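What follows is one structure encoded as structure tokens, with my remarks underneath.
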Ligand code: HEM
């Protein structure tokens, strides 16, 4: 059967399956990220404490399971696509294609680290505390402290999601010009890395705390985060890619 021929070769069946699984887990992950940010958080703000506690134990806990394992599978199947390139991996990361996919991977991997390293670590304690309270126990004092870091990381992921997906999808699907050779990428990377480091450091509370001006302006209201996501895309793509990178070519 054709599907079993050259199974692990670049462009073979394993790559096809990895790409499909990568996209399926990716949409599950980012869909739930948007659910948390656009639906659950605004709803929780207007719900009673009891309603919120029950929803947290019966909805959020399940949603978070799908969310974090979808993030893990997205990441692993992304690595699987790279692994299958084998000897061609160097070429895969070269030129416009390579620069685009590395930009997507930079934002995607940061988002993955935020899910497991910040959001889930905090939510474990927050939901555990809600369960203890529901069973008549005392709230865990760490729960209140961890809510802000988790919220900031979740909004930072929403902010980065548009740029991440744009570069990820257009790496393999750009029109012909995408394959044109490019010159030095150094200034482009400096530009992108400064923006990326600022967003992540700010979300982690490393620049003037969790309530610095940027966090309050961009992360407090999810509608502003959505606008911010498109502004970030415009800055990275139009200024970084079209102006800085192309000017170096
Ligand atoms: C977590 C880190 C991630 C890594 C390491 C990663 C890695 C990759 C790689 C290596 C490719 C192949 C690009 C190419 O063939 O030129 C790819 C494509 C793609 N990725 Fe990701 N990715 C990540 C996150 C995501 C997320 C969160 C989504 C959200 C939906 C996503 C959606 C896609 C899509 C739609 C494609 C295009 C696939 C195709 O058209 O064949 N990725 N990714």
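In this note's numbering, the protein residues as written are -18 to 230.
Backbone N, C-alpha and C define an ideal beta-carbon position, used for all residues, glycine too.
Remember, it's a predicted structure, so these values are computed and weren't measured experimentally.
Delimiting residues of the alpha helix (DSSP H) encompassing residue i
i	result
residue 118	Unbroken run through residue 118: none, as it is neither H nor E.
residue 240	Because the chain is modelled from -18 through 230, residue 240 falls outside the range shown and cannot be assessed.
residue 23	22 to 26
residue 71	70 to 73
residue 18	No alpha helix (DSSP H) contains residue 18, which DSSP labels as neither H nor E.
residue 85	76 to 95
residue 33	30 to 36
residue 164	First-last for residue 164: undefined, no H or E at that position.
residue 59	42 to 65
Cβ neighbour criterion (16 or more within 10 Å) applied to residue i
i	result
residue 1	exposed
residue 135	buried
residue 24	exposed
residue 233	Not covered by the structure: residue 233. The range shown for the chain is -18 to 230.
residue 242	Any property of residue 242 remains undetermined from this structure, which presents the chain solely from -18 to 230.
residue 62	buried
residue 6	buried
residue 97	exposed
residue 124	buried
residue 95	buried
residue 151	buried
residue 229	exposed
residue 111	buried
residue 196	buried
residue 12	exposed
residue 231	Because the chain spans -18 through 230 in this model, residue 231 falls outside it and cannot be assessed.
residue 234	An answer regarding residue 234 cannot be provided, because it is not within the stretch -18 to 230 covered by the chain.
residue 3	buried
residue 161	exposed
residue 210	buried
> Counting pairs of beta carbons, one from the region 17 to 24 and one from the region 201 to 208, are three or more of them closer than 8 angstroms?
Replying inline: Taking a cut-off of 8 angstroms on C-beta distances, the region 17 to 24 touches the region 201 to 208, as three or more cross pairs fall below it.
> Is it a yes or a no for the region 74 to 85 touching the region 35 to 52, going by three-plus beta-carbon pairs under 8 angstroms?
Replying inline: Between the region 74 to 85 and the region 35 to 52, the count of Cβ pairs shorter than 8 angstroms is below three; the stretches do not touch.
>> Taking contact to mean 3 or more Cβ pairs, one atom from each stretch, closer than 8 angstroms, check whether the region 124 to 138 and the region 99 to 109 are in contact.
In response: Here the region 124 to 138 lies against the region 99 to 109, with 3 or more beta-carbon pairs under 8 angstroms apart.
>> When you compare the region 53 to 67 with the region 82 to 100, are there three or more beta-carbon pairs, one atom per stretch, that lie closer than 8 angstroms?
In response: By the C-beta criterion, the region 53 to 67 is judged to be in contact with the region 82 to 100, since at least 3 inter-stretch pairs fall below 8 angstroms.
> For the region 137 to 148 against the region 212 to 223, are there 3 or more C-beta pairs whose distance is under 8 angstroms?
Replying inline: Judged by Cβ distances under 8 angstroms, the region 137 to 148 makes contact with the region 212 to 223, as three or more pairs qualify.
>> Check whether the region 109 to 118 and the region 186 to 196 touch, using three or more Cβ-Cβ pairs below 8 angstroms as the test.
In response: Segments in contact, no.
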